[in-house]
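**Student:** In my numbering, the protein residues as written are 375 to 540. A virtual CB, placed ideally from N, CA and C, is assigned to each residue, including glycine. Quick caveat: nothing in here was measured; it's all calculated off a predicted structure. My questions all concern the structure below.
Here is the structure:
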């Protein structure tokens, strides 16, 4: 996962990163979400407390749409004048991210994954197979093991003594 420009490394208190739901590019951290009260928390959007570096191009206009910097999917809108949020409060500037356009993911190694996040890469114990270790030991062993393994390979190919099927 690429680092977020201007965002600190994940910590125990802020282990959640929101990424584009289409390409999973990290866009912002949970700490960037503005606490707008209970009425606004029921809405379909997050309101961010500050503009981030990837929003630079969109921030040149008074009102603009926000697009993922990697895949160009629309993720929200920016309005420097502000908007009225559910509950009647006014937020200015309004940096709006559509909840359906982003997915939360846990960046914590030891903590539980966020619901809906991928399980991540397989653990090393699941990848290492005993057969691979044994064949590596045989290959590194004596030269007498080579003819025996070659004969075993020919026998498993369907023929006895290297002779094809009759």
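Is the beta carbon of residue 396 closer than 8 Å to that of residue 442?
**Tutor:** Stepping through the chain shown from its first residue, residue 442 is reached at position 68. Stepping through the chain shown from its first residue, residue 396 is reached at position 22. Yes, the pair counts as a contact, with Cβ atoms nearer than the cut-off.
**Student:** Between which two residues does the beta strand (DSSP E) carrying residue 426 extend?
**Tutor:** Sequence index remark: in the chain shown, residue 426 carries index 52 (1-based). Taken as a continuous stretch (DSSP letters only), residue 426 belongs to no beta strand (DSSP E), as it is neither H nor E.
**Student:** Beta carbon of residue 466, beta carbon of residue 456: below 8 Å?
**Tutor:** Along the chain shown, read from residue 1 onward, the residue named residue 466 stands at position 92. Along the chain shown, read from residue 1 onward, the residue named residue 456 stands at position 82. Yes, the Cβ-Cβ distance between residue 466 and residue 456 is below 8 Å.
**Student:** According to DSSP, is residue 451 helix, strand or coil?
**Tutor:** Walking along the chain shown from the start, residue 451 turns up at place 77. Strand, per DSSP.
**Student:** Report the three-state DSSP secondary structure of residue 433 (helix, strand or coil).
**Tutor:** As a first step, residue 433 is located in the chain shown; it is residue number 59 there, counting from the start. Helix.
**Student:** In whole angstroms, what is the alpha-carbon distance linking residue 470 and residue 451?
**Tutor:** Against the chain shown, residue 470 aligns to sequence position 96. Against the chain shown, residue 451 aligns to sequence position 77. Distance between the alpha carbons of residue 470 and residue 451: 5 Å.
**Student:** Just the Cα atoms here: how many angstroms apart are residue 409 and residue 394?
**Tutor:** Translated into the one-based positions of the chain shown, residue 409 becomes position 35. Translated into the one-based positions of the chain shown, residue 394 becomes position 20. Looking at the two C-alpha atoms, the distance is approximately 21 Å.
**Student:** Compare the Cα-Cα distances from residue 404 to each of 389, 458, 411 and report the closest residue.
**Tutor:** As a first step, residue 404 is located in the chain shown; it is residue number 30 there, counting from the start. The shortest Cα separation from residue 404 among 389, 458, 411 belongs to 389.
**Student:** Taking the alpha-carbon of residue 419 as reference, which of 399, 432, 449, 434 has the nearest alpha-carbon?
**Tutor:** Along the chain shown, read from residue 1 onward, the residue named residue 419 stands at position 45. Minimum Cα distance to residue 419 is reached at 449.
**Student:** Leaving aside the five residues before and after residue 447 along the sequence, list all residues of the same chain whose C-beta is less than 8 Å from its C-beta, in chain order.
**Tutor:** Position 73 of the chain shown, counted from the first residue, corresponds to residue 447. Here the set comprises 394, 395, 396, 397, 441, 475.
**Student:** Nearest to residue 588 by CA position, among 421, 423, 454, is which residue?
**Tutor:** Lying before the first or after the last residue shown, residue 588 is absent from the chain, which here runs from 375 to 540.
**Student:** Alpha carbon to alpha carbon, what distance is there between residue 392 and residue 406?
**Tutor:** As a first step, residue 406 is located in the chain shown; it is residue number 32 there, counting from the start. As a first step, residue 392 is located in the chain shown; it is residue number 18 there, counting from the start. Residue 406 and residue 392: Cα-Cα distance of roughly 10 Å.
**Student:** Report all residues from its chain with a CB closer than 6 Å to the CB of residue 468; omit the five preceding and five following residues, and keep chain order.
**Tutor:** Position 94 of the chain shown, counted from the start, is the residue given in the question as residue 468. Cβ neighbours of residue 468 beyond the five flanking positions: 453, 456, 457.
**Student:** May I ask you to list the residues that DSSP assigns as paired with residue 479?
**Tutor:** Start at 1 with the first residue of the chain shown, and residue 479 comes out as number 105. Bridge partners of residue 479: 391.
**Student:** When you compare only the Cα positions, how much space is there between residue 401 and residue 423?
**Tutor:** Residue 401 sits at position 27 when you count from the first residue of the chain shown. Residue 423 sits at position 49 when you count from the first residue of the chain shown. So the two alpha carbons sit approximately 14 Å from each other.
**Student:** Any beta carbon from chain C within less than 8 Å of residue 396's own beta carbon?
**Tutor:** Of the protein chains in this structure there is only one, and it is not chain C.
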